[in-house]
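Colleague: Before we start, here is the structure in question, set down as structure tokens.
What follows is the structure, encoded as structure tokens:
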């Protein structure tokens, strides 16, 4: 959820006002998973061997793509998110080398917030008034030393069908304008334009907006607004039981938020309400150029115990 | 290169003595890459679309495996390597939630050494007297704030043929004894036993030794010795022009080192001399049970700019 | 507030039960400071030049004492608090030195929680239901990237009268038993025994219990219980308008808590209700041996902007 | 040694050229301490009770000064030095409070390089071709996980005579020009102007240049050059056997370096050759205004085990 905080600053006033109108409505916060009361991995349950086998058949050219952008101190991220790396040479002070073949080596230390660069939002990331996926209460699993449930280390191996929706192409532009929502009409329109027949259970759906072109050129615009998934679109994808949804933007969902919608309500619909993971800052430009619309999507997030998110670099294979 | 330092403590005295005998020999430190003078990715150049396409055809069952073990403060790692994670809830002090739909969220901060848990040794990790892959001198690229060459962010997308050699099966044991070297005879013996016809250019070769069974049970033994690749075996695989070599041990190569061999000389043969990456702490038990000997191996290491290593979780698909 | 979390685990059940009885009472959370509505430094306002000048006259022998214990990864601290340091030699890879006089240098990186070892609890550390010193609400100043009020950087220079109360001597023991509360009777009893005539406005009061003798020998006991200041004693010192109170224990106040008292209620009386700072893990053994009861106490906490606590090493001069 | 690396970038070429001229001279790297072969604290041995007692008598007004500037991510520091702090509320997710009195609390995590802001350079900071104070070789004590000798935790309590030399006043300017060296003539001239009769064994000598006025206004100038101590001045102070030397600049010594002098040779003269500590980024403006020329200087650096430097905030009392 890169730079989300920035947005909050600007949207929270309006959002809280909007909140007033809803104040009398009782709000449902616990959404039991359809995958069973102990489930911690959501719609990744739909990535079955049958699904993987079918997805592998989408590989017809052998070209693979890395979807990750780089994570470093200059990657746009809102305060207080910070990143730092240090390179060290343990035991080699003053030019020492090890043994007769003079082995030398570098090691590395990282210090920073996981939510910088390409990232996977795990099911422990977003909740509804403190209640997360499958009715897990933050107070019971979000320990200061690591999540005791819904951690990233629990994510199963991912190899499934990926679908890329070229929204920039759909809107006939290079960079889709901020605040443009992708709902049912836009999703089905893009599918039709690209000849994609269906979105199916267990799929990974990626949106291409051209937004990453702004990185390093207009970081402020990049990180404060974005085109993206709308509330209707999120519900539409949830009904199709996809496993993950991603985009080449910092936060997937449309910002400013749609009228009368909550703050990051799309995140709520996907993560706690439906067990659908979110992929952010996915680099999809080359895939669009190659018209790689349907492909084998693979991802193994590093298994840091108790982590909320992961810095990722999925591999798409066409 | 998890817990390598531990080993150094015990082997360095012997190694330095051994060094005396070699002291008069001039040593070659610069090995120009066969991939061109500007190359930074080594034998991953052999992972071509043709290679990927052929590897995708190895998927016949659709079962996928995650090869990563977990990274946390208890994962065996020698001092001074440390790991820590903290979970935070920015902007939600004292129970605040965002907007009318009451969005709450967790974020995470990591602080630690990259070489803990399952890891990829990049081409900037190991050198020969300060000279690394393709004759790059540490003084010119190993900056304290990040590698300026050979960093992990440069690794291309990886989708290639994987071959698993079941050395525990070959030696008819659960856990191969420490100090057991895998050289040509053992590699070809395991291949024959498993019906693997060849090791080919651009392959990823993994060894299964049963060693990870020791984690949490005998961390000291786990991290101070290991069975593994010998110098002859490393040269054999280098001749076959593989892209990566890995194992279910902390350091891939046999420890104690073979007689008359250098300290981590196998690492030197693979990384700086041949541009072959190393994968450590790969969890391969389930694959052995399923006899998943040849498969599609995929890996996209998180693109942390200037990093030496990566915490990884490759996905193998059979 | 070192290892406090540990205690919470064992005391919270009882505390919450106790809470039931109080549930009907309205609770005051905002205690306006007597130092003015914008004040952020509490009773350190009482450390005036007159006070400092008088305290300097307590120096009669010239012997100085460092009150800090060491902070490292083995210093007792409850999970998830962690500590790590790394030493680096930037720009000196492979034995390089700078210039004709061959300058070399070491640098250091720290990663960890501030609440480890000797520490100063700032006024932003403890609150009453989210309200901190001088009625500051956490939601308004406890930002994830640093406190915007009550941060440690605001602490003025401290040079004032220090008084050491030898509670181990008072109880005629080496190590005062855990759960022993220090209230008015014990404080005045110790003063009388040591010939200390008064505790005055702007003083720093330190308790010696012998507790640090347990460090490295029985860390579990050290960090889960302690003798210390009781609720009555805290009110007594607050009435005397002291500036700081400290002890040679991890958390100053008596644990288990006194009957019918809240969880860390002594912290609440001192910090948010009275603007009195807390000093923890103060090494006072040598001072007791020298009977250094009244002295010049000096402290300049490192001015890390927005920090809650500080790792400290006050100097007492007799 | 804040932002030193920046300077190195610009001076190293010249320095290395200069080095050529010296290349034939044998260089002494080991300077045995006059305090004994096991000594690790250098001239702080001169801070005896007699010295402290005399210094305490310098307190005539009771006014105390904090010499520390703030350390945060915006404090000028050259890459790769970075700083980050995070505020957390363990166990208080979603508004939980502890017990009947509803205790809440903030904790803090720091991640960064120690050499940012006001700092103490310990005796393990600077060496001559890998040899540090009292002939200690880096290879034997500068372990990656912390110094095993010369660490900051060994610094004794410091309460001694401080002398402030107002070089801005001496040069009749607000901010002394970069590259202005302070050698014997300037030091004695400033003393005479201020009526300071002597610099004595065990003293702390501070220079005021006005340089900190540039922070936040011209960070580039601030951190790339500076007026400061020259080689002759360093030798002069070393002969007087002072304990520490500091300034209101990032690196104490004059930059650009004096003609024919080494890279940070003043650091070498003070630290490894004479056991004299260095204080950087000392805020002395208010003291100059008050003409607080001779005073009681107190410092207790936080005792982080194995640290090279310390983030400090000394207290001067007049």
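Protein chains in written order, with this note's numbering: chain U, 1 to 318; chain H, 319 to 636; chain Y, 637 to 954; chain D, 955 to 1272.
We treat Cβ as the ideally placed atom computed from N, Cα and C, and that holds for glycine.
1. So what's residue 499 of chain H in DSSP terms, helix, strand or just coil?
2. Nearest to residue 1198 of chain D by alpha carbon, out of D/1141, D/1013 and D/1117?
3. Nearest-angstrom Cα distance between residue 196 of chain U and residue 764 of chain Y?
4. Tell me which same chain residues have a C-beta within less than 7 Å of the C-beta of residue 205 of chain U, skipping the five on either side of it?
5. Please identify the residue among H/620, H/589 and H/635 whose C-alpha is closest to the C-alpha of residue 359 of chain H.
6. Of all the residues that make up the segment 1080-1097 of chain D, which are near chain U by a beta-carbon distance shorter than 7 Å?
7. Do residue 618 of chain H and residue 313 of chain U have their CB atoms nearer than 7 Å?
8. Taking DSSP's pairing of strands, which residues face residue 1231 of chain D in a bridge?
9. Rounded to a whole number of angstroms, what is the C-alpha to C-alpha distance between residue 720 of chain Y and residue 797 of chain Y?
10. Helix, strand or coil: how does DSSP classify residue 489 of chain H here?
11. Would residue 947 of chain Y pass as a contact of residue 663 of chain Y if the rule is Cβ separation under 7 Å?
12. Quick one: grab the DSSP three-state call for residue 948 of chain Y.
13. According to DSSP, which residues form a beta bridge with residue 1248 of chain D?
14. Starting from residue 460 of chain H, follow its DSSP beta bridges and name the residues at the other end.
15. What are the residues in the segment 803-828 of chain Y lying within 8 Å of chain D by C-beta distance?
16. Determine the closest residue to residue 786 of chain Y out of Y/941, Y/954, Y/951 and Y/953, with distance taken between C-alpha atoms.
17. For residue 736 of chain Y and residue 1217 of chain D, I'd like the C-alpha separation in whole angstroms.
18. Starting from the N-terminal side, write out each stretch of the beta strand (DSSP E) that is 3 residues or longer and does not extend beyond the segment 28-76 of chain U.
19. Name, please, each residue of chain Y whose Cβ falls closer than 7 Å to the Cβ of residue 398 of chain H.
20. Do you know offhand how far residue 80 of chain U's Cα is from residue 115 of chain U's?
21. Between residue 1163 of chain D and residue 1176 of chain D, what straight-line distance do the alpha-carbon atoms span, to the nearest angstrom?
22. Touch check for the segment 33-51 of chain U and the segment 279-295 of chain U: three-plus C-beta pairs under 8 Å?
23. Quick one: what's got a C-beta closer than 8 Å to residue 962 of chain D's C-beta in the same chain, skipping five residues either side?
24. Distance check for residue 422 of chain H and residue 139 of chain U, CA to CA, integer angstroms please.
25. With the cut-off set at 7 Å, would you say residue 174 of chain U and residue 212 of chain U are in Cβ contact?
26. I'd like to know whether the C-beta atoms of residue 1018 of chain D and residue 690 of chain Y end up nearer to each other than 7 Å.
27. Report the three-state DSSP secondary structure of residue 265 of chain U (helix, strand or coil).
28. Apply the 10 Å Cβ neighbour rule to residue 954 of chain Y and answer buried if 16 or more other Cβ atoms are within range, or exposed otherwise.
29. Against chain D, with Cβ distances strictly below 7 Å, would residue 886 of chain Y count as a contact?
30. If I follow the unbroken beta strand (DSSP E) through residue 423 of chain H, where does it start and stop?
31. Would residue 658 of chain Y pass as an interface residue toward chain H - the criterion being a Cβ-Cβ separation below 7 Å?
32. Taking a cut of 9 Å between CB atoms, which residues from the segment 82-111 of chain U lie near chain D?
33. Please report the distance separating the alpha-carbon of residue 986 of chain D from that of residue 1222 of chain D.
34. So residue 1062 of chain D packs on residue 1044 of chain D, CB below 8 Å; how close in whole Å?
35. Please classify residue 821 of chain Y as buried or exposed, where buried requires at least 16 neighbouring CB atoms within 10 angstroms.
36. If we count the other Cβ atoms within 10 Å of its Cβ and call it buried at 16 or more, is residue 922 of chain Y buried or exposed?
Modeller: Judging by the given coordinates:
1. strand
2. D/1117
3. 58 Å
4. 163, 165, 199, 237, 242 and 245
5. H/589
6. 1084, 1092, 1093 and 1096
7. yes
8. D/1198
9. 35 Å
10. coil
11. no
12. coil
13. D/1117
14. H/465
15. none
16. Y/941
17. 7 Å
18. 64-66
19. 722
20. 11 Å
21. 12 Å
22. no
23. Interpretation of residue 962 of chain D is limited by its pLDDT of 48, a score under 50 that renders its predicted location unreliable; the figure taken from the coordinates is listed afterwards. So the list reads 1217, once near-sequence residues are dropped.
24. 12 Å
25. no
26. no
27. helix
28. buried
29. no
30. 421-423
31. Because the pLDDT at residue 658 of chain Y is just 42, under 50, the model does not fix this residue reliably, and the value given afterwards should be weighed accordingly. No, because no Cβ of chain H sits closer than 7 Å to the Cβ of residue 658 of chain Y.
32. 82, 83, 84, 85, 86, 87, 88, 89, 90, 91, 92, 93, 94, 95, 96, 107 and 111
33. 14 Å
34. At roughly 11 Å, the Cβ-Cβ gap does not stay under 8 Å, so residue 1062 of chain D and residue 1044 of chain D are not in contact.
35. exposed
36. exposed
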